[in-house]
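So the sequence shown is numbered by numbering that gives the first Met the number 0: it starts at 0 and just counts up by one. Think of the CB as a built atom: it goes at the ideal place given N, C-alpha and C, for glycine as much as any other residue. All values derive from a computational prediction rather than experimental measurement. First comes the structure, then the notes that go with it.
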Amino acid sequence: MDGEGSQRLLQPGEIRLARSVFGNSIEYHKVWVHHESYFPFGLQPQSAGMAPDGEIYVREWYRNDFSRESHPFQHIFIHELSHIWQRNRGMNVRVNGLVSGLVSYRYHLNGRPLRRYSMEQQAQIIADYFILKTYGYASWMALRARGDVTLDGDLRESRMLPEYQKTLQGFPWC
């Protein structure tokens with residue numbers, strides 16, 4: 000694994016993984032992954048990912064190729080790419096990110112469209128759905144037990160997939 004302070008473009012496997020979620024709505028050849036703090040003096044927490052400027056900044060979660068990693072790392076990767084997708088659609092991710100530590104990542108699927116959720120909730124919904132759709136209910140529940148998946152409410156498998164699909168209708172709106 001490259002040392003902190005390094006950066007790289009997305010790997011081919013990461014681009015394939017990202018396209019399975021975001022289609023062509025992200026210019027993948029422009030996305031850099033930094034193994035460093037976004038903030039000066041290393042002020043970004045070790046266990047936090049950030050994507051305030053169209054690039055991904057991770058410290059202890061950095062991997063040379065997220066597509067070859069386990070579900071928790073792919074969840075982080077999709078979550079951070081969601082912020083790049085949001086930025087590309089006009090959301091001021093940098094400003095919203097300033098208060099993201101004050102807002103909940105937890106959410107309920109109650110029929111609202113994705114745009115009606117906060118920035119962090121949107122990224123969680125996209126990443127959580129990716130895990131459910133790609134790896135199945137058991138993997139999704141395992142990540143929920145770890146605190147990575149943040150859906151609250153009815154957790155029956157038969158209810159979740161249709162609720163996610165309703166919330167994400169038309170996503171990624173390319």
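- DSSP links Q6 through a beta bridge to H33.
- No Cβ-Cβ contact shorter than 9 Å links L16 with V30.
- With contacts defined as CB atoms closer than 9 Å, L108 and L131 fail to qualify as a contacting pair.
- Taken in chain order, the complete alpha helix (DSSP H) segments of 4 or more residues contained in the region 121-172 are 136-145 and 156-166.
- Selection G12, R58 and E119 evaluated against E68 yields G12 as nearest (Cα-Cα).
- Restricting attention to alpha helix (DSSP H) runs no shorter than 4 residues, the region 37-114 encloses them at 70-87 and 92-97, ordered along the chain.
- A Cβ-Cβ separation of about 5 Å places G48 in contact with I75 under the 8 Å criterion.
- For E26, the three-state secondary structure derived from DSSP is coil.
- Comparing alpha-carbon positions, the option among N91, R143, M118 and P112 lying closest to S103 turns out to be M118.
- Contact check for R115 against D151 fails: the beta carbons are separated by 9 Å or more.
- Taking a contact to require three or more Cβ pairs closer than 8 Å, the region 122-142 and the region 58-72 qualify as touching.
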